[in-house]
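So the structure is just underneath, and the comments pick up after that.
Number of protein chains: 2
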Amino acid sequence: MLKATVIVRYKEGVDDPEGKSIKHSLELLNFKDISEVKVSKYYEIYLKKTLEEGKKEIEEIIKKLLVNPVIHDYEVRVEEI
Amino acid sequence: MLKATVIVRYKEGVDDPEGKSIKHSLELLNFKDISEVKVSKYYEIYLKKTLEEGKKEIEEIIKKLLVNPVIHDYEVRVEEI
Numbered sequence: 008m009l010k011a012t013v014i015v016r017y018k019e020g021v022d023d024p025e026g027k028s029i030k031h032s033l034e035l036l037n038f039k040d041i042s043e044v045k046v047s048k049y050y051e052i053y054l055k056k057t058l059e060e061g062k063k064e065i066e067e068i069i070k071k072l073l074v075n076p077v078i079h080d081y082e083v084r085v086e087e088i
Numbered sequence: 008m009l010k011a012t013v014i015v016r017y018k019e020g021v022d023d024p025e026g027k028s029i030k031h032s033l034e035l036l037n038f039k040d041i042s043e044v045k046v047s048k049y050y051e052i053y054l055k056k057t058l059e060e061g062k063k064e065i066e067e068i069i070k071k072l073l074v075n076p077v078i079h080d081y082e083v084r085v086e087e088i
């Protein structure tokens with residue numbers, strides 16, 4: 008069994024409305040020292056493949072379903088569990 | 008400057024509709040070996056505090072704004088950058 012962990016972030020310069028909204032809420036709650044808040048998606052995908060096949064499949068899945076390359080960067084780690 | 012990384016997951020047994028929906032879409036796209044997909048939030052919070060104060064403040068922020076303890080577990084890491 009493989010576990011793939013994929014973090015999908017907004018690219019630098021792309022608006023992150025959820026992060027901004029949390030930062031604003033924190034200011035209202037009197038947390039004054041917050042410089043920035045970024046919110047990303049964290050996917051854990053379990054699949055039955057060999058490590059080599061799995062890495063290829065996860066790259067396909069990321070490109071077809073999880074990431075919009077215009078606005079997102081991603082980090083991926085695939086491990087045997 | 009501190010950077011806090013917080014991962015907020017659904018607890019075991021709590022429904023994860025977005026994860027299920029992605030798994031279903033992957034099946035429709037002919038990815039047949041997927042056992043499970045979990046979707047979590049990944050927060051990066053930058054703040055100007057000492058490490059000790061920052062760790063305390065991040066725990067407060069998590070409890071007040073980021074986590075519902077009935078349905079969520081979380082992981083947190085605070086580091087100087």
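Chains as they are written, first to last, in the numbering used here: chain P, 8 to 88; chain Z, 8 to 88. Every residue, glycine too, gets a C-beta built ideally from N, C-alpha and C. Note that the structure is a prediction, hence the values are computed from the model and not measured.
- Using a C-beta cut-off of 8 Å, the region 57 to 73 of chain Z makes no contact with the region 61 to 69 of chain P, since fewer than three inter-stretch Cβ pairs fall below that distance.
- Put simply, of Z:58, Z:49, Z:56 the residue whose alpha carbon is nearest the alpha carbon of residue 25 (chain P) is Z:49.
- In this structure, the CA atom of residue 10 (chain Z) is about 10 Å from the CA atom of residue 42 (chain P).
- Restricted to the region 25 to 79 of chain P, the alpha helix (DSSP H) segments that are unbroken, complete and at least 4 residues in length are 58 to 68, listed in chain order.
- Taking 7 Å as the cut-off between beta carbons, the residues of the region 16 to 49 of chain P near chain Z are 29, 32, 33, 36, 38, 40, 41, 42, 43, 44, 45, 46, 47, 48, 49, in sequence order.
- Closest in alpha carbon position to residue 27 (chain Z), among Z:46, Z:72, Z:87, is Z:46.
- Contact note: residue 63 (chain Z) does not reach chain P at a C-beta cutoff of 9 Å; the least C-beta distance is about 11 Å.
- Residues of the region 63 to 83 of chain P that bring their beta carbon within less than 9 Å of a beta carbon in chain Z comprise 64, 67, 68, 71, 72, 73, in sequence order.
- For the pair residue 29 (chain Z) and residue 72 (chain P), the CB atoms are nearer than the 8 Å cut-off.
- With respect to the 8 Å criterion, residue 55 (chain P) and residue 40 (chain Z) are classified as neighbours on the basis of their beta carbons.
- With respect to residue 78 (chain P), residue 44 (chain Z) sits apart: the two C-beta atoms are not nearer than 8 Å.
- Restricting attention to P:81, P:8, P:32, P:31, the CA atom closest to the CA of residue 18 (chain P) is found in P:81.
- Within chain P, the residues whose beta carbon sits less than 7 Å from that of residue 54 (chain Z) are 40, 41, 42, listed in sequence order.
- Against chain Z, the beta carbon of residue 51 (chain P) has neighbours under 9 Å at 16, 26, 43, 44, 45, 46, 47, listed in chain order.
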